[in-house]
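Peer 1: Before I ask anything, let me first share the structure, which is written out below as structure tokens.
Numbering (the numbering used here), first residue to last: 15 to 129.
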């Protein structure tokens, strides 16, 4: 199990806590320092059943600077490239377990991977 983690994020810390309290020793990936490449992000989005704009943090300043709120949601590959280039825009945390994944917002979502 791997968690895409930002230690400065309370939801990310809470999700990691749920995992460790359940006895899981996940691989902690600080995705801001070690961002996914486009292929990996596309795979995780497929596992999540989400489009790239569904995991975009529109409240981040870089999203505002890029005008993402008004950007057409028509080209998933272009959005993936944008997220890879700006990993701060990727919603956190994301927990991946084999062929399953969840976004830890709310943190309790991770329980679906523990069942």
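Just so you know, even glycine gets a beta-carbon here, dropped at the ideal spot from N, CA and C.
Who are the Cβ neighbours of residue 15 in its own chain at under 6 Å, not counting the five residues just before and after it?
Peer 2: As a position in the chain shown, residue 15 is number 1, starting the count at 1. Within the same chain, residue 15 has close Cβ partners 38, 40 and 111.
Peer 1: Drop a sphere of 10 angstroms on the beta-carbon of residue 76, count the other beta-carbons inside from all chains shown, and report buried for 16 or more, exposed for fewer.
Peer 2: One-based indexing of the chain shown puts residue 76 at position 62. Its Cβ having fewer than 16 others within 10 Å, residue 76 is exposed.
Peer 1: Answer with buried or exposed for residue 86, where buried requires no fewer than 16 other C-beta atoms within 10 angstroms of its C-beta.
Peer 2: As a first step, residue 86 must be located in the chain shown, where it is residue number 72. Result: exposed.
Peer 1: Hey, quick one: how far does the beta strand (DSSP E) through residue 17 stretch, first residue to last?
Peer 2: For this step, residue 17 is matched to residue 3 along the chain shown. Unbroken beta strand (DSSP E) run through residue 17: 16-19.
Peer 1: Is the stretch 21-33 close to the stretch 58-74, with three or more CB pairs under 8 Å?
Peer 2: No: fewer than three Cβ pairs fall under 8 Å.
Peer 1: Just to check my reading of the structure: residue 98 and residue 51 have Cβ atoms closer than 8 Å, yes? What is that Cβ distance to the nearest angstrom?
Peer 2: Walking along the chain shown from the start, residue 98 turns up at place 84. Walking along the chain shown from the start, residue 51 turns up at place 37. Between residue 51 and residue 98 the Cβ distance is about 6 Å, and since that is below 8 Å, they are a contact.
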